[in-house]
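By the numbering used here, the letter at position 59 of the sequence shown is numbered 71, and the numbering carries on one by one without gaps. Take a look at the structure below.
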Amino acid sequence: MADSSAAADAVTGLPGRGVLEAELARMLSAAGGGRVAVLLVGLDEFAVVREALGFDAADEVLAAAARTIEAFFGDVRRVLALLPGDVFAVVLPGEHDAATVGERAESVIAALGRPSYVDGIGVGISASVGVFLAGTGPPPPAEVIRSAQIALRRARELGRTRWVLFDPVAGRADAARYRLACGIAGALESGQLEVVYRPHVVLPDAEIITSLNAVLRWRHPDFGQLRSEQFFPLAEATGMTGALGRHLLAEALRTAGHWRGRFGAAAPTVCLTLPRRMAIDEDLVRIVGRELDRNELQHRHLVLCTDVPSLLDDRGDLLGSLDELARAGVVFVVHITGLSELELLPALNVPAPGVMLTGAIIDALEVDEPPEQAVRTIRQVVERAEELGIKVGARGVLSEEHAELLYGIGVVVAAGPYLPTYSTAAEAETWVGRNFPIG
13 MADSSAAADA VTGLPGRGVL EAELARMLSA AGGGRVAVLL VGLDEFAVVR
63 EALGFDAADE VLAAAARTIE AFFGDVRRVL ALLPGDVFAV VLPGEHDAAT
113 VGERAESVIA ALGRPSYVDG IGVGISASVG VFLAGTGPPP PAEVIRSAQI
163 ALRRARELGR TRWVLFDPVA GRADAARYRL ACGIAGALES GQLEVVYRPH
213 VVLPDAEIIT SLNAVLRWRH PDFGQLRSEQ FFPLAEATGM TGALGRHLLA
263 EALRTAGHWR GRFGAAAPTV CLTLPRRMAI DEDLVRIVGR ELDRNELQHR
313 HLVLCTDVPS LLDDRGDLLG SLDELARAGV VFVVHITGLS ELELLPALNV
363 PAPGVMLTGA IIDALEVDEP PEQAVRTIRQ VVERAEELGI KVGARGVLSE
413 EHAELLYGIG VVVAAGPYLP TYSTAAEAET WVGRNFPIG
């Protein structure tokens, strides 16, 4: 069978990965040290062009991009190839410094951004570039390409339309992160992910628990206990966010059902934060309802948290889902960063009886002498929330002094490191009898 990685691409006429690796091997083994520069020019979100214009028109744009890159590097000896994912590879033999290659990368990004016209539509392409400079004693060709791919991904993570030079130290960290991302599905299947709980408490004395906040922890065989914020962002890269969210919901409600059967009205109310991709899922109402029914729970036994970016995400109808679930009895709490986000809630008709302040607005108070402006900012949020009939809580509360200061401003619920650490379901049962439902 022919090696498809060596065949020329039908649209651009460029060779594939097989030819690229062969040429790289030849250059790297050449006399004189085998120095080369590798640039991977990735077309960002090119699938959007295909969806908007159709495959034939998108192929014209792709071919135009290839011509642009060929012309741009036409003044130097080079090897060009097209890799999967609409990524052009450019190999420049010889010694190159980062500044010169960076200038070329910036220029090719600008050139690709200029519109090429297809059926009268001027299509500009966003591109990001990953760069690897191979010096003496370079790694094998496949490792060179992989290093450039890591740099390309970093460029995209930093906001796209930029270039990034591969850094061995950062590259090792990135490679470890990507390996971690690839292991999420297996961790879910093998039971390495568990749900743990931390209380949300009523201020000032923290003796009454409003709910137990459920989050995922990963008992990783090599890295130990990993917090959800360490692996949830990685799940985006592998499409596992929705699966993690559904697992969190199912396990938290299974435990809540057990508590409800054992402790009756004294059972803790469970609260969990919806990951973005699950929040915007058009089947959210059905997913939540199914898990509640499966565990013989009513909608009022669940508190769901979300944030303003999820509310504004136009990929789904979270607002419609919230309205339907709220009418059924689910309580919603929105994480906000300040007054401007609070003002969006009535504008969007969000059915949330509570908000949790989070981030810099709370962190600013954790000093010996909090700035008056920081105190005034939170007081403005509290006063406006009272006008709207919304209770205000705070996440990230670090100490009793921090909690007392927030309570003095008008914050009534707290969560954070000053409270008991995250505990398993069995350990969390020691808090039973100290809770009442928010709202």
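Just so it is clear, CB atoms sit at the ideal spot from N, CA and C, and this is done for glycine as well.
Residue pairing for residue 318: DSSP places it in a beta bridge opposite 346. The residues 142, 176, 182 and 186, in chain order, have a CB closer than 8 Å to that of residue 166 in the same chain once the five nearest residues on each side in sequence are set aside.
Beta-bridge partners of residue 226 (DSSP): 209 and 284. Taking residue 297 as reference, the option from 145, 99, 206 and 342 with the minimal CA-CA separation is 342.
Per DSSP, reduced to three states, the secondary structure at residue 239 is strand. Inter-segment contact for the region 50-65 and the region 144-161 is present: three or more beta-carbon pairs are separated by less than 8 Å. One thing to note: residue 369 has its Cβ no nearer than 8 Å to the Cβ of residue 346. For secondary structure counted as the alpha helix (DSSP H) over 4 or more consecutive residues, the region 76-158 holds these complete runs in sequence order: 110-125. Along the length of the region 17-64, whole alpha helix (DSSP H) runs at least 4 residues long occupy 29-40, reported in chain order. For residue 236, same chain residues with a beta-carbon under 6 Å away, outside a window of 5 residues either side, do not exist.
Annotation for residue 254: the continuous alpha helix (DSSP H) segment containing it runs 253-275. DSSP, reduced to helix, strand and coil, places residue 197 within a helical segment of the structure shown.
Residues of the same chain with a CB within less than 8 Å of the CB of residue 444, apart from the 5 flanking positions on each side, are 271, 275, 278, 279 and 280 in chain order.
Separation of residue 357 and residue 322 (C-alpha to C-alpha, rounded to the nearest whole angstrom) is 12 Å.
Judged by DSSP in its simplified three-state form, residue 407 adopts coil rather than helix or strand. Excluding sequence positions up to five before and after residue 124, its CB lies within less than 7 Å of the CB of 77, 80, 137 and 139, all in the same chain and listed in chain order. Where residue 420 is concerned, the enclosing alpha helix (DSSP H) starts and stops at 412-421. A Cβ-Cβ contact shorter than 8 Å links residue 246 with residue 196.
Per the C-alpha coordinates, the member of 33, 353 and 133 positioned closest to residue 61 is 133. Taking each of 156, 404, 111 and 431 in turn and checking the Cα distance to residue 419, the smallest one comes out for 404. A distance below 7 Å between beta-carbons, with the five flanking residues on each side excluded, links residue 156 to the following residues of its chain, in chain order: 36, 50, 144, 146 and 150.
For the 8 Å CB-CB criterion, residue 65 and residue 98 do not form a contact. The beta carbon of residue 84 sits closer than 6 Å to the beta carbons of 120 and 123 from its chain, once the five residues preceding and following it are set aside; these are given in chain order.
Apart from the 5 residues on each side of it in sequence, residue 24 sits with its Cβ closer than 7 Å to the Cβ of 74, 75, 78 and 94 in its chain, given in chain order. Taking the Cα positions, residue 299 is about 48 Å away from residue 114. Between the C-alpha atoms of residue 131 and residue 58 there is a straight-line separation of about 18 Å. Collapsing the DSSP output to three states places residue 301 in a helix. As far as DSSP is concerned, residue 191 takes part in no beta bridge. Straight-line spacing of the CA atoms in residue 308 and residue 402 works out to 29 Å.
Around the C-beta of residue 361, fewer than 16 other C-beta atoms lie within 10 Å, and the residue is accordingly described as exposed. Each residue's CA atom was taken as its position, placing residue 31 and residue 269 some 59 Å apart.
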